[in-house]
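Visitor: Sharing a structure with you now.
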Amino acid sequence: ARAGGGKPKGVKKDTPRGQKATSQKKTTLQFPVHKFAKRLRDGGFAKRLGCGAAVYLTAVVEYLTAEILELAGNSARSTKKNRIIPRHILMAIRNDDELNRYLSKVMIAGGGVIPSFHP
374 ARAGGGKPKG VKKDTPRGQK ATSQKKTTLQ FPVHKFAKRL RDGGFAKRLG CGAAVYLTAV
434 VEYLTAEILE LAGNSARSTK KNRIIPRHIL MAIRNDDELN RYLSKVMIAG GGVIPSFHP
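Letter by letter, the sequence shown follows residues 374 to 492 in this note's numbering.
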């Protein structure tokens with residue numbers, strides 16, 4: 374670092390001069406933080422809304438999506454398919470204990486049923 378503060382010479386800046394970094398760029402999230410913030414404000418869930426609430430909600434939704442897609446991808450790979458279809462998403466959710474508990478009342482269109490037999 375330099376004596377005057379700031380970045381050393383030759384280091385590329387994060388944002389061009391005069392532009393602010395968006396909250397999405399700051400947090401390195403893939404989902405749009407701004408849209409979640411707008412929905413939280415317009416939804417009327419609370420009179421006041423902290424600046425970190427939308428970021429936290431976006432991060433949670435992105436994590437859950439990534440988790441489901443990873444498990445669905447594993448399910449698709451085990452059936453020797455290249456594309457994830459609703460059946461793979463259903464199998465991924467129902468075979469995972471925590472996701473099954475969280476999404477127990479959710480029906481996935483085109484997912485079918487879990488194979489089981491009654492003795």
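For every residue, glycine included, the Cβ atom is placed at its ideal position computed from N, Cα and C.
Every value quoted in this text rests on a predicted model; they were computed, and no experiment measured them.
Could you check what DSSP says for K399 in three-state terms: helix, strand or coil?
Guide: Stepping through the sequence shown from its first residue, residue 399 is reached at position 26. Helix at K399.
Visitor: Anyone know if the C-beta pair for N455 and I466 falls short of 8 angstroms?
Guide: As a position in the sequence shown, residue 455 is number 82, starting the count at 1. As a position in the sequence shown, residue 466 is number 93, starting the count at 1. Cβ atoms of N455 and I466: not closer than 8 angstroms.
Visitor: Can you give me the C-alpha to C-alpha distance between M464 and S477, rounded to a whole angstrom?
Guide: Translated into the one-based positions of the sequence shown, residue 464 becomes position 91. Translated into the one-based positions of the sequence shown, residue 477 becomes position 104. Taking the straight line from one Cα to the other gives about 13 angstroms.
Visitor: Does the count of Cβ pairs from the region 394-413 and the region 431-441 closer than 8 angstroms reach three?
Guide: Short answer: they touch.
Visitor: With a 10 Å radius around its C-beta and 16 neighbouring C-beta atoms as the bar for buried, classify L422 as buried or exposed.
Guide: The count along the sequence shown starts at 1 and reaches residue 422 at position 49. It is exposed - the Cβ of L422 has fewer than 16 other Cβ atoms within 10 Å.
Visitor: Indicate the three-state DSSP secondary structure (helix, strand or coil) for N447 in the structure shown.
Guide: Mapped onto the sequence shown, residue 447 falls at position 74. Here N447 sits in helix by DSSP.
Visitor: Starting from D469, trace the alpha helix (DSSP H) in both directions and tell me its first and last residue.
Guide: Looking up residue 469 in the sequence shown gives position 96. Unbroken run through D469: none, as it is neither H nor E.
Visitor: For the alpha helix (DSSP H) that contains V406, what are its first and last residues?
Guide: Here residue 406 refers to the residue found at position 33 when the sequence shown is read from its first residue. Counting along the chain, the alpha helix (DSSP H) containing V406 begins and ends at 406-416.
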